[in-house]
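Student:
Dropping the structure here:
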């Protein structure tokens, strides 16, 4: 059990500096370059990274806006793209706050939660003294967010300075990053929904470009939900 | 950029931030009081993932913006190679993205 503040700080540093920071730096470089190439301002790129703090929602924001959708549908799309934060927070908070009462600070701290800090917290919290878990989360999440913000700025300015093929590669990095990060979630429900959604996304884009993502979500998500329930029913019956 | 479109962008981005935060804030409020595996949440998660699957497919096959100038074949090929490296190489994110993006850059540069 890790029970000293400095040991927790060191652990959080060590965990965050490697894979999570590099991943965030790289993926947000892609995002920053996309914002630049979409002729949108740097302030919007930074605000989206720090404020939305989830690549899927950030990409939905830029892509749907550039596609010319009205603000209402863009915001609805971004919100739906980030719906996974609710179950993540519900699972995370009780573990982090096991030793202390809920506080108003939780409402601020939760803004820094991302898939990286979520996974690291769930993995490390059992080894960390209950009163020090929040410290681990804060150190880890601040490093991640700094790396993400730095990546956004690098991508935004970098894309204009690079040879065209590399700049295009940075933009192309967005859907690829996004796909492997989601595929890494490794649960059957999410895979079913991703695979069902992909062809629907193309189809609805061709027939109803304004509502394509929302229709894809509702139609594909409901179909995947029913399909998964049937598979589950069959498994428990056999 | 003129002033009205700047204001529109500020409102849009703020709306996106608030729309995302609602899930986080609700999570803090309800943590420990609700089960995250209830059918309604499951359905919302499915909707969210189906939407993201659709968005990924659209960004690769029917992109908006600079990727429009690249051939469809390059995008699909590089994407399939990247995802293939991911599943074939022990589900490591960075090598998969690196190989996929490098393939794409090479195709765009030399083909």
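Protein chains in written order, with this note's numbering: chain R, 53 to 290; chain V, 480 to 590. Note that CB positions come from ideal geometry on N, CA and C, so glycine has one too.
Over what stretch of residues does the alpha helix (DSSP H) that includes residue 270 of chain R continue unbroken?
Tutor: Neither: residue 270 of chain R is in no alpha helix (DSSP H) and is coded neither H nor E.
Student: Are three or more beta carbon pairs between the region 194–205 of chain R and the region 528–540 of chain V nearer than 8 Å?
Tutor: Taking 8 Å as the limit for Cβ pairs, the verdict is that the region 528–540 of chain V does not touch the region 194–205 of chain R.
Student: So, is the C-beta of residue 250 of chain R closer than 9 Å to a C-beta in chain V?
Tutor: Closer than 9 Å to some Cβ of chain V, the Cβ of residue 250 of chain R qualifies, so yes.
Student: What's the call for residue 590 of chain V, buried or exposed, on a 16-neighbour Cβ count within 10 Å?
Tutor: With fewer than 16 other Cβ atoms within 10 Å, it is exposed.
Student: Tell whether a beta-carbon distance below 9 Å holds between residue 121 of chain R and residue 100 of chain R.
Tutor: Their beta carbons are not under 9 Å apart, which means residue 121 of chain R does not touch residue 100 of chain R by this criterion.
Student: To the nearest angstrom, how far is it from the Cα of residue 236 of chain R to the Cα of residue 243 of chain R?
Tutor: Near 9 Å, if we compare the C-alpha coordinates of residue 243 of chain R and residue 236 of chain R.
Student: What does DSSP give as the partner residues of residue 180 of chain R in its beta bridges?
Tutor: DSSP, once it has assigned bridges, lists R:54 as partnering residue 180 of chain R.
Student: Residues of chain V with CB closer than 9 Å to the CB of residue 287 of chain R, please, in chain order.
Tutor: The premise fails here: residue 287 of chain R is roughly 16 Å from chain V at the closest Cβ pair, so nothing lies under 9 Å.
Student: On the criterion of 16 or more Cβ atoms from any shown chain inside 10 Å, does residue 45 of chain R qualify as buried, or is it exposed?
Tutor: One cannot answer for residue 45 of chain R here, as it falls past the ends of chain R, which runs 53 to 290.
Student: Look at the alpha carbon of residue 504 of chain V and the alpha carbon of residue 55 of chain R, and state the distance between them as a whole number of angstroms.
Tutor: Rounded to whole angstroms, residue 504 of chain V to residue 55 of chain R spans 29 Å at the Cα level.
Student: Given residue 72 of chain R, which residues of its chain have a CB within under 6 Å of its CB, disregarding the five upstream and five downstream residues?
Tutor: Counting only Cβ-Cβ distances below 6 Å, and skipping sequence neighbours, we find 168, 196.
Student: Going by C-alpha distance, which of R:59, R:80, R:153, R:257 is nearest residue 109 of chain R?
Tutor: Of R:59, R:80, R:153, R:257, the residue nearest in Cα terms is R:80.
Student: Beta-carbon of residue 545 of chain V versus every beta-carbon of chain R: anything under 9 Å?
Tutor: Yes - at least one Cβ of chain R is within 9 Å of the one on residue 545 of chain V.
Student: Could you tell me which chain V residues have their CB closer than 7 Å to the CB of residue 125 of chain R, listed as they occur along the chain?
Tutor: None at all; the shortest Cβ gap to chain V is about 11 Å.
Student: Between the region 206–216 of chain R and the region 562–570 of chain V, do three or more beta carbon pairs fall short of 8 Å?
Tutor: The region 206–216 of chain R vs the region 562–570 of chain V: no contact.
Student: Would you check if the region 116–131 of chain R and the region 486–504 of chain V touch, i.e. whether three or more CB-CB distances between them fall below 8 Å?
Tutor: At 8 Å Cβ cutoff, the stretches touch.
Student: Ordered along the chain, which non-local residues of its own chain (more than five positions away) have a Cβ less than 6 Å from that of residue 558 of chain V?
Tutor: Excluding positions up to five away in sequence, the list reads 539.
Student: Note down, in chain order, every chain V residue with its Cβ under 8 Å from the Cβ of residue 90 of chain R.
Tutor: Correct list: 544.
Student: Excluding sequence positions up to five away, which residues of its chain have a Cβ less than 6 Å from the Cβ of residue 241 of chain R?
Tutor: Within the same chain, residue 241 of chain R has close Cβ partners 280.
Student: Compare the C-beta of residue 84 of chain R against all C-beta atoms of chain V and say whether one is closer than 9 Å.
Tutor: It does not; no Cβ of chain V falls within 9 Å.
Student: Are residue 580 of chain V and residue 76 of chain R closer than 9 Å when you measure CB to CB?
Tutor: No, Cβ-Cβ distance for residue 580 of chain V and residue 76 of chain R is not below 9 Å.
Student: Which chain R residues are close to residue 486 of chain V, counting only those with a beta carbon under 7 Å from its beta carbon?
Tutor: Near residue 486 of chain V there are no residues of chain R at all, since even the closest Cβ is about 11 Å away, more than 7 Å.
Student: First and last residue of the alpha helix (DSSP H) that includes residue 9 of chain R?
Tutor: Residue numbering for chain R in the displayed model covers 53 to 290; residue 9 of chain R lies beyond these limits and cannot be assessed.
Student: Could you tell me whether any Cβ in chain V is nearer than 9 Å to the Cβ of residue 192 of chain R?
Tutor: No, residue 192 of chain R lies away from the interface with chain V (no Cβ there is under 9 Å from its Cβ).
Student: Flag residue 301 of chain R as yes if its beta-carbon sits less than 9 Å from any beta-carbon of chain V, otherwise no.
Tutor: Past the edges of chain R, shown from 53 to 290, lies residue 301 of chain R, and the structure says nothing about it.
Student: Taking Cβ-Cβ distances shorter than 7 Å, what residues in chain V pair up with residue 226 of chain R?
Tutor: Per Cβ cutoff of 7 Å: 538.
Student: Which whole-angstrom value is the C-beta distance of residue 180 of chain R and residue 60 of chain R, which I expect to be below 8 Å?
Tutor: At roughly 6 Å, the Cβ-Cβ gap stays under 8 Å, so residue 180 of chain R and residue 60 of chain R are in contact.
Student: Start and end of the alpha helix (DSSP H) containing residue 216 of chain R?
Tutor: Its alpha helix (DSSP H) spans residues 216–235.
Student: Using the rule of at least 16 other Cβ atoms within 10 Å of the residue's Cβ for burial, across every protein chain shown, is residue 115 of chain R buried or exposed?
Tutor: Looking at its Cβ environment, which holds 16 or more other Cβ atoms inside 10 Å, residue 115 of chain R is buried.
Student: Leaving out five residues before and five after residue 140 of chain R in sequence, what residues of the same chain have Cβ atoms less than 7 Å from its Cβ?
Tutor: Same-chain partners within the cutoff: 165, 170.
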